[in-house]
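**Q** Those protein sequences? They're chains A and B, same order as listed. Residues in the first sequence are numbered consecutively from 7, following my numbering. Residues in the second sequence are numbered consecutively from 7, following my numbering. Positions of the beta carbon are idealized from the N, C-alpha and C atoms, including for glycine. Being a predicted model, the structure only gives us computed values, none of them experimental. Handing you a structure now.
Number of protein chains: 2
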Amino acid sequence: MLTKNKTVISKVYIKSPYSGLEVPFKKITQTNTTSEDGVVQNPDLLVYDTSGPLSDPNFQPHVKGIKKLRNEWVKSRKGNVTQMHYAKKGIVTEEMEYVAVRENALLDQAKHLNINSNKPTDLPNEITPDYVLEEVKSGRAIIPANIRHTELEPMIIGTNFLVKVNSNIGNSALKSSIEEEVEKLVWSTKWGADTVMDLSTGKNIHQTREDIIRNSPVPIGTVPIYQALEKVDGKAEELNWNVYRETLIEQAEQGVDYFTIHAGVLLRYVPLTANRLTGIVSRGGSIMASWCLAHHQENFLYTHFDDICEIMKAYDISFSLGDGLRPGSIADANDEAQFSELETLGELTLKAWKHDVQVMIEGPGHVSMDQIKENVIKEKELCNDAPFYTLGPLTTDIAPGYDHITSAIGATEIGRYGTAMLCYVTPKEHLGLPNKEDVKEGLIAYKIAAHAADLAKGHKGSYVRDYLLSKARFEFRWEDQFNLGLDPETARSYHDETLPKDSGKTAHFCSMCGPKFCSMKISQDIKKKHGDEIQFIEVGMQEKSKEFIESGHNLYRKV
Amino acid sequence: MLTKNKTVISKVYIKSPYSGLEVPFKKITQTNTTSEDGVVQNPDLLVYDTSGPLSDPNFQPHVKGIKKLRNEWVKSRKGNVTQMHYAKKGIVTEEMEYVAVRENALLDQAKHLNINSNKPTDLPNEITPDYVLEEVKSGRAIIPANIRHTELEPMIIGTNFLVKVNSNIGNSALKSSIEEEVEKLVWSTKWGADTVMDLSTGKNIHQTREDIIRNSPVPIGTVPIYQALEKVDGKAEELNWNVYRETLIEQAEQGVDYFTIHAGVLLRYVPLTANRLTGIVSRGGSIMASWCLAHHQENFLYTHFDDICEIMKAYDISFSLGDGLRPGSIADANDEAQFSELETLGELTLKAWKHDVQVMIEGPGHVSMDQIKENVIKEKELCNDAPFYTLGPLTTDIAPGYDHITSAIGATEIGRYGTAMLCYVTPKEHLGLPNKEDVKEGLIAYKIAAHAADLAKGHKGSYVRDYLLSKARFEFRWEDQFNLGLDPETARSYHDETLPKDSGKTAHFCSMCGPKFCSMKISQDIKKKHGDEIQFIEVGMQEKSKEFIESGHNLYRKV
Chain A
7 MLTKNKTVIS KVYIKSPYSG LEVPFKKITQ TNTTSEDGVV QNPDLLVYDT SGPLSDPNFQ
67 PHVKGIKKLR NEWVKSRKGN VTQMHYAKKG IVTEEMEYVA VRENALLDQA KHLNINSNKP
127 TDLPNEITPD YVLEEVKSGR AIIPANIRHT ELEPMIIGTN FLVKVNSNIG NSALKSSIEE
187 EVEKLVWSTK WGADTVMDLS TGKNIHQTRE DIIRNSPVPI GTVPIYQALE KVDGKAEELN
247 WNVYRETLIE QAEQGVDYFT IHAGVLLRYV PLTANRLTGI VSRGGSIMAS WCLAHHQENF
307 LYTHFDDICE IMKAYDISFS LGDGLRPGSI ADANDEAQFS ELETLGELTL KAWKHDVQVM
367 IEGPGHVSMD QIKENVIKEK ELCNDAPFYT LGPLTTDIAP GYDHITSAIG ATEIGRYGTA
427 MLCYVTPKEH LGLPNKEDVK EGLIAYKIAA HAADLAKGHK GSYVRDYLLS KARFEFRWED
487 QFNLGLDPET ARSYHDETLP KDSGKTAHFC SMCGPKFCSM KISQDIKKKH GDEIQFIEVG
547 MQEKSKEFIE SGHNLYRKV
Chain B
7 MLTKNKTVIS KVYIKSPYSG LEVPFKKITQ TNTTSEDGVV QNPDLLVYDT SGPLSDPNFQ
67 PHVKGIKKLR NEWVKSRKGN VTQMHYAKKG IVTEEMEYVA VRENALLDQA KHLNINSNKP
127 TDLPNEITPD YVLEEVKSGR AIIPANIRHT ELEPMIIGTN FLVKVNSNIG NSALKSSIEE
187 EVEKLVWSTK WGADTVMDLS TGKNIHQTRE DIIRNSPVPI GTVPIYQALE KVDGKAEELN
247 WNVYRETLIE QAEQGVDYFT IHAGVLLRYV PLTANRLTGI VSRGGSIMAS WCLAHHQENF
307 LYTHFDDICE IMKAYDISFS LGDGLRPGSI ADANDEAQFS ELETLGELTL KAWKHDVQVM
367 IEGPGHVSMD QIKENVIKEK ELCNDAPFYT LGPLTTDIAP GYDHITSAIG ATEIGRYGTA
427 MLCYVTPKEH LGLPNKEDVK EGLIAYKIAA HAADLAKGHK GSYVRDYLLS KARFEFRWED
487 QFNLGLDPET ARSYHDETLP KDSGKTAHFC SMCGPKFCSM KISQDIKKKH GDEIQFIEVG
547 MQEKSKEFIE SGHNLYRKV
């Protein structure tokens with residue numbers, strides 16, 4: 007039954023084998039392989055899909071927002087409603103089941119298709135709701151899911167799951183429009199953002215956030231100190247616990263899923279930044295440092311940490327413990343200020359866990375390639391394996407305009423050693439506010455980094471996509487190659503530039519080299535024309551190989 | 007004397023302290039730093055410049071070509087004229103002196119400015135002509151410099167020097183224009199290509215190459231089998247030693263500086279590719295495999311290797327021993343075919359060195375992040391530390407349209423472990439022929455990779471540029487920041503998008519966050535307003551620190 011011979015990308019929902027929950031995927035249907043040996047059907051591939059109802063071509067963002075998937079799940083939850091709390095009680099939540107199905111799909115397909123890189127790996131072979139529960143319970147993974155953000159399609163952040171990517175959006179005093187920010191949200195999830203941070207600091211902060219959350223299928227993070235600072239007219243020294251508390255509750259009520267809180271910027275760490283080349287480059291960090299110095303008091307986010315936990319556990323908001331003292335240049339990487347703060351974040355992690363509040367830890371920043379691994383090792387040790395969430399890092403400072411690339415390099419490196427989520431950097435970093443195109447560029451660079459990290463970690467599911475795409479490439483199934491890629495539109499348009507639209511898509515040679523110089527074509531021909539001969543040489547070689555081994559010769563000469 | 011307060015990029019020539027040779031650099035002049043403490047002059051920075059006479063704004067490429075810098079140097083050279091030959095005789099050539107001055111400039115400035123990352127490193131503190139001689143003599147570095155390419159500004163490729171970048175240009179049967187290719191050459195050197203390969207396979211191969219070489223200040227590499235194949239109408243089985251030999255001499259006479267020669271694709275290795283997912287993806291590799299099978303004979307490039315060396319030493323053409331069996335997908339990385347060929351390339355390296363012919367070794371390809379380091383280790387061991395020259399590698403196959411990024415990640419990783427030159431990949435890889443914009447995108451991505459690798463290797467000179475740019479950034483010297491970057495034009499235009507042209511360039515806040523949320527500004531203010539307080543806390547902390555140490559407490563808690 008070879009009826010399917012069209013390449014299509016569609017949205018499908020898979021019923022969970024546990025309770026029947028429906029979990030969304032993007033399905034890539036491939037064309038058949040046609041050769042002299044006949045026609046062979048190529049498998050469909052289900053890939054992780056972050057776009058939610060937004061990927062419906064008819065979807066228009068609006069105030070009422072998207073479907074409230076979790077309404078029924080959360081309506082009877084009371085008291086401490088965190089996923090960690092349930093996990094510790096041994097209760098598998100709908101969220102845990104949902105993420106298990108999401109994360110297991112690629113592993114399942116790899117098994118089913120028998121496509122495996124066979125690398126040694128610490129990652130699990132199968133992800134079940136019970137496995138998710140254990141990871142959340144131990145604090146090694148978090149499911150950021152405010153009970154007021156019922157539009158959310160739950161996802162998980164942890165070393166033992168697929169590496170995730172965050173996109174930052176939000177206006178500033180220099181540029182403002184609610185519509186534009188909601189559009190950036192939709193756009194972000196289209197290109198694979200697993201979470202989105204609304205970093206607005208301009209006008210209409212409250213309403214912008216409201217429209218973003220009501221339309222978001224992915225967790226939304228914020229940095230509440232930004233809005234608190236607006237409330238005191240931008241004067242850091244006038245900040246206080248009451249203004250901050252009120253802001254936390256306002257945002258919690260709206261449904262923010264995780265808060266970046268710079269509670270590790272302690273008074274005694276501020277002087278450690280005095281001789282840095284680029285001082286403090288985190289906005290939240292510099293605000294809190296300024297406050298500490300102005301009052302000569304300890305950071306009120308630190309002294310009120312238990313109060314903050316009380317608020318967060320009532321909504322199940324996760325901590326993203328901010329790295330206010332992250333390095334802002336290669337020169338300042340891995341210094342005392344940075345690692346001192348990290349130690350305090352570890353202390354706060356344990357405190358949050360006592361409240362069953364979920365925690366991830368933010369990380370740098372700007373770090374040269376040789377100093378990146380140390381960051382993951384230290385974070386795991388100091389913060390008891392809480393998930394690490396890093397900004398890049400940028401591996402050099404010399405390419406303003408290309409920091410999505412300088413940092414995708416660092417993100418891959420930090421990801422492969424266990425960082426759970428990578429915060430994207432756009433080409434506009436250090437230069438201006440990203441527009442839609444920048445958001446896309448940043449996201450693609452980071453989807454690459456996350457996937458390259460998954461491959462390096464030996465994730466058995468992630469390898470399937472590389473395999474199928476390469477097979478499509480080798481067989482000149484151009485449309486399949488495009489659709490299996492991260493950005494089919496761009497790939498197709500690049501191909502169109504060199505080869506005419508229709509003929510090119512069935513061309514049995516690469517658009518780069520032309521027919522005579524197409525190595526793939528020659529390589530296929532070799533197999534076709536010389537199959538018998540290869541067989542012959544192989545047999546001869548096996549004999550030689552036997553002699554070789556028997557002679558005790560060492561393959562690799564030492565010189 | 008603070009007369010300079012303009013940011014300018016200019017071209018300068020520095021006289022060698024040895025014989026007075028003039029060596030070109032790009033000079034970046036910075037503005038002054040103005041603060042309450044007064045005005046401080048910022049240093050000029052001399053950076054490596056590959057653009058040759060082409061960066062003269064009045065330059066027009068033409069048939070006669072650029073200045074013949076090396077005419078006098080080479081005119082009396084006879085017999086074996088390779089740099090390795092002279093090095094073995096203890097003779098410092100003009101080329102060696104020239105590259106010493108080029109490579110030492112950044113190290114010298116780092117010392118002079120006392121800006122140093124203080125990382126442990128295997129790299130030298132100073133590069134002298136004698137040091138260059140030793141590196142060339144040992145085969146650890148090469149200076150590709152055909153005596154017929156007198157327009158060349160010599161450069162060196164080796165692990166202990168700055169990591170280099172190659173750009174590929176050249177037409178195909180599908181797209182052809184000599185002018186366009188010469189323009190791509192000029193464009194490549196503008197964006198920092200250290201060498202350029204002309205991979206033309208279309209019409210007018212000879213004349214295209216002629217115009218490229220006559221206008222090129224950087225070494226030109228080719229893959230002679232492409233033109234040889236054209237001579238036998240694209241029929242691989244009709245290739246033979248005579249046609250190939252004639253092609254080598256034709257190209258040698260024109261002045262090609264290095265030849266990619268796939269002499270390691272042995273008959274017995276071809277069957278090793280039969281079960282690969284993507285077979286043979288090197289054009290030269292597939293042509294030679296096809297020939298071997300058709301004749302059931304050993305690769306004539308292998309059997310005639312000594313004859314090839316005889317030709318190459320008469321012109322001082324370097325080998326770029328081709329990796330015809332490199333993997334074309336993550337699935338095929340680091341397999342037996344690939345490493346068997348590498349072993350043969352090691353054998354051929356020793357053979358070439360007997361003729362005093364310089365050698366570098368080509369490498370993959372498509373390799374996941376965790377398998378990259380192994381490639382460098384094997385290459386060094388099997389090929390006796392001959393410089394490694396790799397294509398990427400791509401760290402995932404799933405992003406057609408973005409392979410400059412998938413591969414810049416791998417290039418950084420392979421570069422940091424000692425790969426000497428990185429062959430760029432453009433966004434069009436696998437999809438079409440790169441246009442000018444693609445060439446630029448590919449080059450910037452690879453300049454980033456090369457620089458990030460230099461930083462990771464602890465290169466004491468490369469760190470200066472990051473340092474100065476970050477300082478300019480922290481002090482809101484926008485124009486200096488742009489000019490110190492790899493692409494001032496793009497950085498400037500991105501900044502313009504957010505802030506109005508003139509006011510923005512003196513703005514004391516980031517265009518991203520606006521005045522109130524500028525961490526850099528707050529950080530500067532902290533230092534200004536709270537300097538005394540920081541001092542006070544610091545003194546207190548020193549006492550605490552003393553107590554801490556005396557109490558024998560361990561900073562990093564073990565949990």
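#1: Any C-beta of chain B within less than 7 angstroms: which residues of the stretch 362-378 of chain A qualify?
#2: Kindly indicate if chain A contains any beta-carbon less than 8 angstroms away from that of residue 530 of chain B.
#3: In angstroms with no decimal places, state the Cα-to-Cα distance between residue 176 of chain B and residue 101 of chain B.
#4: What residues from the stretch 148-177 of chain A come within 8 angstroms of chain B, judged by C-beta to C-beta, listed N to C?
#5: Is there a C-beta anywhere in chain B that falls below 8 angstroms from the one on residue 308 of chain A?
#6: Could you please give the first and the last residue of the uninterrupted beta strand (DSSP E) stretch that includes residue 276 of chain A?
#7: Which whole-angstrom value describes the C-beta separation of residue 268 of chain B and residue 315 of chain B, a residue pair presumed to lie in contact below a C-beta threshold of 8 angstroms?
#8: Residue 52 of chain A lies in the beta strand (DSSP E); which residues open and close that run?
#9: So if I threshold CB-CB distances at 7 angstroms, which residues from the stretch 38-64 of chain B count as touching chain A?
#10: Quick one: which residues of the stretch 410-432 of chain B get their C-beta closer than 7 angstroms to a C-beta of chain A? List them in chain order.
#11: So, for residue 429 of chain B: in the same chain, excluding its five sequence neighbours on each side, which residues have a beta-carbon less than 6 angstroms away from its beta-carbon?
#12: Going along the chain, which unbroken runs of the beta strand (DSSP E) with 3 or more residues stay wholly within the stretch 216-295 of chain B?
#13: If you follow the alpha helix (DSSP H) that residue 77 of chain B is in, where does it begin and where does it stop?
#14: If you pair each beta-carbon of the stretch 446-459 of chain B with each one of the stretch 160-170 of chain B, do three or more pairs fall below 8 angstroms?
#15: Since residue 135 of chain A is in the alpha helix (DSSP H), which residue starts that stretch and which ends it?
#16: Is the shortest distance between the beta-carbon of residue 15 of chain A and the beta-carbons of chain B less than 8 angstroms?
#17: Helix or strand or just coil, what does DSSP make of residue 558 of chain A?
#18: Going residue by residue through the stretch 281-360 of chain B, where are the continuous beta strand (DSSP E) segments of at least 3 residues, counting only ones entirely within it?
#19: Of all the CB atoms in chain B, is at least one closer than 8 angstroms to the CB of residue 285 of chain A?
#20: Please confirm whether residue 504 of chain A has its beta-carbon closer than 8 angstroms to some beta-carbon of chain B.
#21: Pair every Cβ in the stretch 110-124 of chain A with every Cβ in the stretch 346-354 of chain A, then say whether three or more of these pairs are closer than 8 angstroms.
#22: Below 8 angstroms on the Cβ atoms is my guess for residue 339 of chain A versus residue 275 of chain A; work out the distance and round it to an integer in Å.
#23: Assign residue 54 of chain A to buried or exposed, taking buried as 16 or more other Cβ atoms, counted over all protein chains shown, within 10 Å of its Cβ.
#24: Could you tell me whether the Cβ of residue 406 of chain A comes closer than 8 angstroms to any Cβ of chain B?
#25: Quick check: residue 378 of chain B and residue 416 of chain B, are their CB atoms within less than 8 angstroms of each other?
#26: Are residue 254 of chain B and residue 230 of chain B closer than 8 angstroms when you measure CB to CB?
#27: Quick one: residues in its chain with C-beta nearer than 7 angstroms to the C-beta of residue 23 of chain A, no 5 flanking neighbours on either side, listed in chain order?
#28: Any Cβ of chain B within less than 8 angstroms of the Cβ of residue 477 of chain A?
#29: With C-beta atoms as the reference, is residue 305 of chain B less than 8 angstroms away from residue 13 of chain B?
#30: For the stretch 179-219 of chain A, which segments carrying the beta strand (DSSP E) assignment without a break, of at least 3 residues, lie completely within its bounds, in sequence order?
#31: Look up residue 572 of chain B in the DSSP assignment and say whether it is helix, strand or coil.
#32: Please name the residue or residues paired with residue 174 of chain B in a DSSP beta bridge.
#33: Do residue 106 of chain B and residue 134 of chain B have their C-beta atoms closer together than 8 angstroms?
#34: Under 7 angstroms Cβ-Cβ, which residues of chain A neighbour residue 480 of chain B?
#35: So which of A:366, A:401, A:433, A:528 has the shortest CA-CA distance to residue 242 of chain B?
#36: Can you list, in chain order, the residues of its chain with a C-beta nearer than 7 angstroms to that of residue 110 of chain B? Leave out the 5 residues immediately preceding and following it.
**A** A quick look at the data gives this:
#1: When C-beta distances to chain B are compared with 7 angstroms, the residues of the stretch 362-378 of chain A below that value are 374, 375, 376, in chain order.
#2: As a position in the second sequence, residue 530 of chain B is number 524, starting the count at 1. Residue 530 of chain B counts as touching chain A.
#3: Numbered from 1 along the second sequence, position 170 holds the residue referred to as residue 176 of chain B. Numbered from 1 along the second sequence, position 95 holds the residue referred to as residue 101 of chain B. In this model, residue 176 of chain B and residue 101 of chain B are separated by some 27 angstroms (Cα to Cα).
#4: Residues of the stretch 148-177 of chain A whose Cβ lies closer than 8 angstroms to any Cβ of chain B: none.
#5: In the first sequence, residue 308 of chain A corresponds to position 302, counting from 1. Answer no: the Cβ-Cβ gap between residue 308 of chain A and chain B never drops below 8 angstroms.
#6: Stepping through the first sequence from its first residue, residue 276 of chain A is reached at position 270. Segment: none, residue 276 of chain A is in no beta strand (DSSP E) and carries neither H nor E.
#7: Position 262 of the second sequence, counted from the start, is the residue given in the question as residue 268 of chain B. Position 309 of the second sequence, counted from the start, is the residue given in the question as residue 315 of chain B. So it is not a contact: roughly 16 angstroms between Cβ atoms.
#8: Residue 52 of chain A sits at position 46 when you count from the first residue of the first sequence. Where residue 52 of chain A is concerned, the enclosing beta strand (DSSP E) stretches over 51-54.
#9: Within the stretch 38-64 of chain B, no residue has its Cβ closer than 7 angstroms to any Cβ of chain A.
#10: Considering only beta carbons, the part of the stretch 410-432 of chain B lying closer than 7 angstroms to chain A consists of 411, 412, 414, 415, 418, 422, in chain order.
#11: By 1-based counting over the second sequence, the position of residue 429 of chain B is 423. For residue 429 of chain B, the CB contacts under 6 angstroms within the same chain, skipping 5 residues up- and downstream, are 172, 397 in chain order.
#12: Complete beta strand (DSSP E) runs here, min 3: 226-228, 264-267.
#13: For this step, residue 77 of chain B is matched to residue 71 along the second sequence. Residue 77 of chain B -> alpha helix (DSSP H) spans 77-80.
#14: These segments touch.
#15: Within the first sequence, the letter at position 129 stands for residue 135 of chain A. For residue 135 of chain A, the enclosing alpha helix (DSSP H) starts and ends at 135-144.
#16: Stepping through the first sequence from its first residue, residue 15 of chain A is reached at position 9. Answer no: the Cβ-Cβ gap between residue 15 of chain A and chain B never drops below 8 angstroms.
#17: Here residue 558 of chain A refers to the residue found at position 552 when the first sequence is read from its first residue. Unreliable positioning characterises residue 558 of chain A in this predicted model, as indicated by a pLDDT of 47, which lies under 50. The coordinate reading is nonetheless provided below. In the structure shown, residue 558 of chain A sits in coil (DSSP, three-state: anything other than H, G, I, E or B).
#18: Here the runs fully enclosed are 324-327.
#19: Reading the first sequence from its first residue, position 279 is the one you call residue 285 of chain A. The Cβ of residue 285 of chain A sits closer than 8 angstroms to at least one Cβ of chain B.
#20: Counting from one through the first sequence, the residue named residue 504 of chain A turns up at place 498. For residue 504 of chain A, the answer is yes, since a Cβ of chain B falls inside 8 angstroms of its Cβ.
#21: In the pairwise beta carbon analysis, the stretch 110-124 of chain A is classified as not touching the stretch 346-354 of chain A: fewer than three pairs are separated by under 8 angstroms.
#22: For this step, residue 339 of chain A is matched to residue 333 along the first sequence. For this step, residue 275 of chain A is matched to residue 269 along the first sequence. Contact flag wrong, Cβ pair sits at about 16 angstroms.
#23: As a first step, residue 54 of chain A must be located in the first sequence, where it is residue number 48. Burial call: buried.
#24: Position 400 of the first sequence, counted from the first residue, corresponds to residue 406 of chain A. By the rule that beta-carbons nearer than 8 angstroms mark a contact, residue 406 of chain A touches chain B.
#25: The residue labelled residue 378 of chain B in the question sits at position 372 within the second sequence. The residue labelled residue 416 of chain B in the question sits at position 410 within the second sequence. Using a Cβ distance threshold of 8 angstroms, residue 378 of chain B and residue 416 of chain B count as a contacting pair.
#26: The sequence position of residue 254 of chain B within the second sequence is 248, counting from 1. The sequence position of residue 230 of chain B within the second sequence is 224, counting from 1. Closer than 8 angstroms, so yes.
#27: Here residue 23 of chain A refers to the residue found at position 17 of the first sequence. So the list is empty, once near-sequence residues are dropped.
#28: Here residue 477 of chain A refers to the residue found at position 471 when the first sequence is read from its first residue. So, interface residue.
#29: Sequence index remark: in the second sequence, residue 305 of chain B carries index 299 (1-based). Sequence index remark: in the second sequence, residue 13 of chain B carries index 7 (1-based). In this structure, residue 305 of chain B keeps its C-beta atom at 8 angstroms or more from the C-beta atom of residue 13 of chain B.
#30: Runs of the beta strand (DSSP E) inside the stretch 179-219 of chain A: 201-204.
#31: Because chain B spans 7 through 565 in this model, residue 572 of chain B falls outside it and cannot be assessed.
#32: Locating residue 174 of chain B in the second sequence gives position 168, where the first residue counts as 1. For residue 174 of chain B, which the question treats as bridged, DSSP gives the partners B:203.
#33: Residue 106 of chain B sits at position 100 when you count from the first residue of the second sequence. Residue 134 of chain B sits at position 128 when you count from the first residue of the second sequence. The answer is yes: Cβ separation under 8 angstroms.
#34: Locating residue 480 of chain B in the second sequence gives position 474, where the first residue counts as 1. Within chain A, the residues 283, 284, 285 have their CB atoms less than 7 angstroms from the CB of residue 480 of chain B, given in chain order.
#35: As a working mapping, residue 242 of chain B is identified with position 236 in the second sequence. Taking only the C-alpha atoms, the option nearest residue 242 of chain B is A:528.
#36: As a first step, residue 110 of chain B is located in the second sequence; it is residue number 104 there, counting from the start. Correct list, in chain order: 132, 133.
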